[in-house]
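Asker: Have a look at this one.
Residue numbers (UniProt numbering): 1 to 568.
So this is what it looks like as structure tokens:
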């Protein structure tokens, strides 16, 4: 009896500790116009709480986050909590017309969700049009109180948000591109924590500075918040140790360069172990687009460089910082090595083993195409698709509302498991094959049973040119089993699968002219967007969605929507 009482006491103590370690963290976002001066001119942008980037939200695993969003801007708006699992809280996920109708100008909405089973760096951003160019910020999830990191505790934690800047209204930039059916104008600068750095006009004193002490170690939480560019990031004369990506711990990986696609996060340990002095940190584009047909040349890209400084305590103010040697813009080998060398920390906090039983096999092509446009030049416009389905958002009701209230006509459950036509996917001879280029618009989804395990091959195509595509899945992490170039080989490439400690993340870079294989378990009911995180391609339809059915218990059933959910 005494032993039973002892065990019961221990269990209650453990439960009390768990409850006590969870908190309610509450914030208010006031989204409105902000006039900022960049690159010699003033520009009115949309921003949160008068800052660019917006506020960094800091929570612990297990906390409940409540954010009251007041839309005082002139645009429709939603906020997406990028990488958050949203377990039974799909109403808070945020993609416009997928999980909610947008918050209209003058409206408000409260996002409320728990941060469960994940730790590390995520972020939040607008999920309507190009507004996320300026409406974004970091979301830092630390371990519960008393739970250490699976690496030495750093002296300090520093968010590093890599952004993109236009000397224009970004909504106008997108609208112009959609009107003529062409890619948007390229950005004018990149930024580090909102500042462009001294290589741009009128920006000598608009440069981010990180002060460090020799002998200390710093945790840099790097976020690629750029709209349309994958980025190389380096710090002169310093190595970095990757310890997490997309809020999932990794086996420590030492590198002198970090490569990120839009939407991805990378946590690195930076040891201040060099001579006392000043060192530039810098970021520029990884421009992966490969050879394209003459009629559709590879699009231009922002080939500028943003930089900040790492300044050691005691460094002379007159010292000229050392500049790192950056990779070439087209350095695919360096990018591929980075993406494929990092492995997951098997057995670490919140590690989920690779599911071995697969219920759904999918082969999904990702790439560009054309759609019919009578008012556009040549009668067509740039499009993009998955399995030749170019995604179109509904306009009268969100997809999640249609799912919950069983409303027909909003989406169709017919997204195919394989492309409608099989061809030599990465052969440039097909780049302008007229029988393959036209992509019909639809709101097609893949319906999944609750707890089904999905394995998906993502295959880049050469239609209008090859390119590395960062593909993001809402509501889940997936294991990246393998990546490679050329056409996926269903006989030999599965032999390369890492089923022991693959990387677990929410955004995969599908290699330029290549493929990637992911696997995940659909254990969260709702409608989950699956799309390219290059905003140059998302409006053109490079997306679909998964509808995950309810499970058999209340704990696996989507609850009703909040009473203040915006209406269309």
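We put the beta carbon where it would ideally sit given N, CA and C, even for glycine.
(1) Using alpha carbons as the reference points, say which of 553, 45, 116 and 540 lies closest to residue 380.
(2) Output needed for residue 451: all residues of its chain with C-beta closer than 6 Å, excluding positions within five of it in sequence on either side, in chain order.
(3) With distances taken from CA atoms, which of 88, 155, 95 and 194 is nearest residue 51?
(4) Taking the runs of the beta strand (DSSP E) that are 3 residues or longer, which of them lie wholly in the region 342 to 379?
(5) By DSSP, does residue 437 sit in helix, in strand, or in coil?
(6) According to DSSP, is residue 174 helix, strand or coil?
(7) Using the Cβ count rule (16 or more neighbours within 10 Å means buried), how would you classify residue 557?
(8) Taking residue 459 as part of the alpha helix (DSSP H), name the residues at either end of that continuous run.
(9) Need the endpoints of the beta strand (DSSP E) that residue 118 sits in, please.
(10) Under the three-state reduction of DSSP, which class applies to residue 500: helix, strand or coil?
(11) Relative to the alpha-carbon of residue 421, which residue among 219, 438, 406 and 443 has its alpha-carbon at the smallest distance?
(12) Below 6 Å CB to CB, which residues in the same chain sit around residue 334 once its five sequence neighbours on both sides are set aside?
(13) Mind checking whether residue 201 and residue 339 have CB atoms under 8 Å apart?
(14) One question on the structure: do residue 555 and residue 449 come within less than 8 Å of each other, judged by their Cβ atoms?
(15) Suppose you measure from the CA of residue 357 to the CA of residue 519; what does that come to, to the nearest Å?
(16) Taking 6 Å as the limit between beta carbons, can you name the residues of its chain near residue 239, skipping five residues before and five after?
(17) Specify, as a first and last residue, the run of the alpha helix (DSSP H) that residue 405 falls within.
(18) Would you call residue 320 buried or exposed, if buried means 16 or more other Cβ atoms sit within 10 Å of its Cβ?
(19) Would you kindly check if the distance between the Cβ of residue 196 and the Cβ of residue 39 is under 8 Å?
(20) If you count every other CB in all the chains shown that lies within 10 Å of the CB of residue 33, and 16 or more means buried, which is it?
(21) Whose C-beta lies closer than 7 Å to the C-beta of residue 46 among residues of the same chain, with five residues either side of it excluded?
(22) Straight-line CA distance for residue 250 to residue 311?
(23) Could you say which of 184, 492 and 205 lies nearest to residue 484 if we only look at CA atoms?
(24) Take the Cβ of residue 395 as the centre, count every other Cβ of all protein chains shown within 10 Å, and call the residue buried at 16 or more, exposed below.
(25) Quick test of the definition: if touching needs 3 or more C-beta pairs under 8 Å, does the region 257 to 265 touch the region 216 to 227?
(26) Closer than 6 Å by C-beta to residue 359: which residues in its own chain qualify, once you throw out the five before and the five after it? Chain order, please.
(27) Just checking my contact of residue 415 with residue 544 at CB under 8 Å: how many whole Å lie between their CB atoms?
(28) Output the boundary residues of the beta strand (DSSP E) element that contains residue 469.
(29) Sort 210, 144, 123 and 503 by Cα distance to residue 62 and report the nearest one.
(30) Could you tell me if residue 375 is buried or exposed, where buried requires 16 or more neighbouring beta carbons within 10 angstroms of its beta carbon?
(31) Got a sec, what are the start and stop residues for the beta strand (DSSP E) residue 224 sits in?
(32) Is the beta carbon of residue 279 less than 8 Å from the beta carbon of residue 232?
(33) Is residue 383 helix, strand or coil when you go by DSSP?
(34) How is the beta strand (DSSP E) around residue 532 delimited, first residue to last?
(35) Which of the three DSSP states, helix, strand or coil, is assigned to residue 234?
(36) Nearest CA to the CA of residue 371: which residue from 362, 385 and 400?
Answerer: Result, derived from the coordinates:
(1) Its Cα nearest to that of residue 380, the residue 540 stands out among 553, 45, 116 and 540.
(2) Within the same chain, and ignoring the five residues on either side of residue 451 in sequence, the residues whose Cβ sits closer than 6 Å to its Cβ are 523.
(3) It is 194.
(4) Note on the region 342 to 379: whole beta strand (DSSP E) runs with a minimum of 3 residues are 360 to 372, in chain order.
(5) When DSSP states are grouped into helix, strand and coil, residue 437 belongs to the helix group.
(6) Helix at residue 174.
(7) Result: exposed.
(8) Here residue 459 belongs to no alpha helix (DSSP H); instead the beta strand (DSSP E) covers 452 to 460.
(9) Per DSSP, residue 118 lies in no beta strand (DSSP E) and is assigned neither H nor E.
(10) In this structure, residue 500 counts as coil in the three-state DSSP scheme.
(11) Relative to residue 421, the option among 219, 438, 406 and 443 whose CA is nearest is 438.
(12) Taken in chain order, the residues that qualify are 327.
(13) The answer is no: Cβ separation not under 8 Å.
(14) In this structure, residue 449 does not lie closer than 8 Å to residue 555 by Cβ.
(15) One C-alpha to the other measures close to 10 Å.
(16) Cβ within range, chain order: 254 and 256.
(17) 399 to 405 is the span of the alpha helix (DSSP H), which, as asked, contains residue 405.
(18) Residue 320 sits exposed, since fewer than 16 C-beta atoms from the chains shown fall within 10 Å of its C-beta.
(19) For residue 39 and residue 196, yes; Cβs fall inside 8 Å.
(20) Exposed, by the Cβ-count rule.
(21) Hits under 7 Å: 31, 33, 73, 75, 131, 134 and 135.
(22) So the alpha carbons of these two residues sit roughly 28 Å apart.
(23) Measuring from the Cα of residue 484, the nearest candidate turns out to be 492.
(24) So residue 395 ends up on the exposed side.
(25) Touching, yes, given that three or more Cβ pairs across the two stretches are closer than 8 Å.
(26) Excluding residues within five positions, the ones whose Cβ falls inside 6 Å are 452 and 453.
(27) So it is a contact: roughly 5 Å between Cβ atoms.
(28) Per DSSP, residue 469 belongs to the beta strand (DSSP E) from 469 to 473.
(29) Nearest option by C-alpha distance: 144.
(30) Looking at its Cβ environment, which holds fewer than 16 other Cβ atoms inside 10 Å, residue 375 is exposed.
(31) Start and end: 217 to 224.
(32) Taking 8 Å as the cut-off, the beta carbon of residue 279 is found no closer than this to the beta carbon of residue 232.
(33) Strand at residue 383.
(34) In the DSSP assignment, residue 532 falls within the beta strand (DSSP E) that extends over 526 to 532.
(35) Assignment of residue 234 by DSSP, reduced to helix, strand and coil, places it in the strand class.
(36) Sorting 362, 385 and 400 by C-alpha distance to the C-alpha of residue 371 places 385 at the top.
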